[in-house]
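Undergrad:
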């Protein structure tokens, strides 16, 4: 596959609550699903605390390495929402009250006859010159600086922002995949599967063990960016399962065989 | 609080399937819960692909920075299970078929009248001199090298290994916490809450917005390592909610008031 068809991404989930266990993250899996469908390879995820130095360091590591970085969390109106300041610091930009965001929010609170408090004004802060990510749920926008997309942590808002962001992105060749359920554990198939992987270098064959409390089985996933190698490898995997089943039947014939 | 009462940890979840969205991770939240209960601060989580260089780099970054590193995934018998080799490389150790693990596995497969295949033997591989983490579910042990604890990705096995590991760990002063439900959104409370946080520097006050599809409310979490500052800050937060409610009632009196 050519280098140019690959688009890479990382996610940075920000929030003490994810690390204390109080909140179980729902955004990582959601973004992973949508990026895979879009032909963007999510290569790394980090979860960090609400600490500026830590956020800045992680962001700088990720944004230099991947085509896109998506963040979640820390853009609300309270004192522990420090993502906008951290992103600004990472880019060496001033963090300002964005005039367009101030107008958007002021109008929304006016319509709702609510006070546009100092805390609420914090939600208009972003690195100078950032582009808005529209927020159809609760108005306060996310924002984009270069290849970094800053979104909310509340899942409904994160998901709405992701929906607005995806159409803007450059995407690569979609990764095609074929799932093949396998009734045998990894120990039964490991050697054969390694040989199949070696014979089909344009594919990536993943083996995901499952355990039902009694015995292991496996889900085998063949991935490729072209249909031909995908089908060739998948056929080899299916043949392996048939062969193993025949072998097991020969070794342990049923009583009436 | 004294430095010595803080014990820090990171988690490294390894596996392409977590990044493609095919598997939704359950181990991060589980470990986060148990570490918090034990008085160990989970400070960072990374999810990386099944790629040796990437695993080695992440592991070396995390093990030098935190007291403990816990990994999940990639220790099975198939070709995509490369965690043992990667951990060995990170420590500059040879990756060997551990004699005690070979014995354990050979006996288990003999008892079950199953062949101890070449693939299954891969599960005995670990960095030379590593200590086992017992696996009561499926025998193949996890392992420990210095401050790195290597465990399985299948949640039932991961959880059983964590149960075996936790009693070995040095723990810090437990973080105490008090959850206070707040019927107001972050925009209503942000300024007052920031003042309370400033007045109670020995606590960490987190604000977690909730959205029910109609309106925002907030869960406020006060955390501290000592009971006295915890109660003082929690009392101030409760007083803030009472005060806000009184103010709102005064502004919008009910018809019969």
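Chains as they are written, first to last, in UniProt numbering: chain A, 1 to 257; chain B, 1 to 257.
Backbone N, C-alpha and C define an ideal beta-carbon position, used for all residues, glycine too.
Please list the terminal residues of the continuous alpha helix (DSSP H) segment that includes residue 91 (chain B).
TA: Along the second chain, read from residue 1 onward, the residue named residue 91 (chain B) stands at position 91. Element bounds for residue 91 (chain B): 83 to 91.
Undergrad: Which parts of the segment 180 to 257 of chain A are runs of the beta strand (DSSP E), unbroken and 3 residues or longer, counting only runs that do not cross its ends?
TA: 204 to 211 and 216 to 224
Undergrad: Helix, strand or coil for residue 99 (chain B) per DSSP?
TA: Residue numbering aside, residue 99 (chain B) sits at position 99 when the second chain is read from its first letter. Looking at residue 99 (chain B) - three-state DSSP - the assignment turns out to be helix.
Undergrad: Measure the CB-CB distance between residue 142 (chain A) and residue 73 (chain A) and report whether it falls below 8 Å.
TA: Looking up residue 142 (chain A) in the first chain gives position 142. Looking up residue 73 (chain A) in the first chain gives position 73. Against a cut-off of 8 Å, the Cβ pair of residue 73 (chain A) and residue 142 (chain A) comes out as no contact.
Undergrad: Quick one, which of B:240, B:89 and B:65 has its alpha-carbon nearest residue 51 (chain B)'s?
TA: Position 51 of the second chain, counted from the start, is the residue given in the question as residue 51 (chain B). Here the closest residue by C-alpha is B:89.
Undergrad: So with Cβ pairs under 8 Å, would you call residue 117 (chain B) a contact of chain A?
TA: In the second chain, the residue the question calls residue 117 (chain B) occupies position 117. Answer yes: the Cβ-Cβ gap between residue 117 (chain B) and chain A drops below 8 Å somewhere.
Undergrad: Taking DSSP as the reference, what is the three-state secondary structure of residue 5 (chain A)?
TA: The residue you call residue 5 (chain A) lines up with position 5 of the first chain. In this structure, residue 5 (chain A) counts as helix in the three-state DSSP scheme.
Undergrad: What distance in whole Å lies between the Cβ atoms of residue 136 (chain A) and residue 160 (chain A), which are believed to be in contact at a cut-off of 8 Å?
TA: The sequence position of residue 160 (chain A) within the first chain is 160, counting from 1. The sequence position of residue 136 (chain A) within the first chain is 136, counting from 1. Right, the Cβ-Cβ distance comes to about 5 Å (below 8 Å), so this counts as a contact.
Undergrad: Counting C-beta neighbours from all protein chains within 10 Å, is the total for residue 65 (chain A) 16 or more, i.e. buried, or is it exposed?
TA: For this step, residue 65 (chain A) is matched to residue 65 along the first chain. It counts as exposed.
Undergrad: Could you check whether the Cβ of residue 128 (chain B) sits closer than 8 Å to any Cβ belonging to chain A?
TA: If you number the second chain from 1, residue 128 (chain B) lands on position 128. When Cβ-Cβ separations below 8 Å define contact, residue 128 (chain B) makes no contact with chain A.
Undergrad: From this set, B:92, B:196, B:150 and B:251, which residue's C-alpha is nearest residue 11 (chain B)'s C-alpha?
TA: Translated into positions along the second chain, residue 11 (chain B) becomes position 11. Here the closest residue by C-alpha is B:150.
Undergrad: Based on DSSP bridge pairs, tell me the residues matched to residue 65 (chain B).
TA: Position 65 of the second chain, counting from 1, holds the residue named residue 65 (chain B). Beta-bridge pairing links residue 65 (chain B) to no other residue.
Undergrad: For a test of the three-state rule: what should DSSP assign to residue 158 (chain B), helix, strand or coil?
TA: For the purposes of this step, residue 158 (chain B) is taken as residue 158 along the second chain, with counting starting at 1. Of the three classes helix, strand and coil, the one that applies to residue 158 (chain B) here is helix, per DSSP.
Undergrad: CB-CB under 7 Å to residue 157 (chain A), same chain, minus the five flanking residues each way: which ones, in chain order?
TA: Your numbering for residue 157 (chain A) matches position 157 in the first chain. 135, 137 and 138.
Undergrad: Under DSSP, the beta strand (DSSP E) around residue 42 (chain B) begins and ends at which residues?
TA: Numbered from its first residue, the second chain carries residue 42 (chain B) at position 42. Following the DSSP letters along the chain, one finds residue 42 (chain B) inside the beta strand (DSSP E) bounded by residues 41 to 48.
Undergrad: Between which residues of its own chain and residue 179 (chain B) is the CB-CB distance below 7 Å, once the five residues before and five after are set aside?
TA: Locating residue 179 (chain B) in the second chain gives position 179, counting from the first residue. So the qualifying residues of the chain are 219 and 221.
Undergrad: Measure the alpha-carbon distance for residue 68 (chain A) versus residue 44 (chain A) and round it to whole angstroms.
TA: For this step, residue 68 (chain A) is matched to residue 68 along the first chain. For this step, residue 44 (chain A) is matched to residue 44 along the first chain. Their Cα atoms are separated by approximately 11 Å.
Undergrad: If the cut-off is 9 Å on Cβ atoms, which residues from the segment 153 to 167 of chain A count as contacting chain B, listed in chain order?
TA: 153, 154, 155, 156 and 157
Undergrad: Apply the 10 Å Cβ neighbour rule to residue 123 (chain A) and answer buried if 16 or more other Cβ atoms are within range, or exposed otherwise.
TA: For this step, residue 123 (chain A) is matched to residue 123 along the first chain. Of the other Cβ atoms in all chains shown, 16 or more fall within 10 Å of the Cβ of residue 123 (chain A); this residue is therefore buried.
Undergrad: So that I know if they touch, is there some Cβ in chain A lying closer than 8 Å to that of residue 257 (chain B)?
TA: Residue numbering aside, residue 257 (chain B) sits at position 257 when the second chain is read from its first letter. Low confidence applies to residue 257 (chain B): its pLDDT is 36, below 50, so where it sits in the model is not reliable, and the reading given next is rough at best. Answer no: the Cβ-Cβ gap between residue 257 (chain B) and chain A never drops below 8 Å.
Undergrad: Could you tell me the distance, in whole angstroms, from the CA atom of residue 59 (chain B) to the CA atom of residue 95 (chain B)?
TA: Against the second chain, residue 59 (chain B) aligns to sequence position 59. Against the second chain, residue 95 (chain B) aligns to sequence position 95. Rounded to the nearest angstrom, the two C-alpha atoms are 16 Å apart.
Undergrad: Rounding to the nearest angstrom, what Cα-Cα distance links residue 19 (chain A) and residue 217 (chain B) in this structure?
TA: Taking the first residue of the first chain as position 1, residue 19 (chain A) is located at position 19. Taking the first residue of the second chain as position 1, residue 217 (chain B) is located at position 217. Whole-angstrom Cα-Cα distance: 22 Å.
Undergrad: Return no unless some Cβ of chain A is closer than 8 Å to the Cβ of residue 259 (chain B).
TA: As shown, chain B starts at 1 and ends at 257. That puts residue 259 (chain B) outside it, with no answer to give.
Undergrad: For residue 28 (chain B), which of helix, strand or coil comes out of DSSP?
TA: Along the second chain, read from residue 1 onward, the residue named residue 28 (chain B) stands at position 28. Per DSSP, reduced to three states, the secondary structure at residue 28 (chain B) is helical.
Undergrad: Residue 172 (chain B) and residue 33 (chain A) look like a contact to me (Cβ under 8 Å); what is the Cβ gap, rounded to whole Å?
TA: Within the second chain, the letter at position 172 stands for residue 172 (chain B). Within the first chain, the letter at position 33 stands for residue 33 (chain A). 37 Å between Cβ atoms; not a contact.
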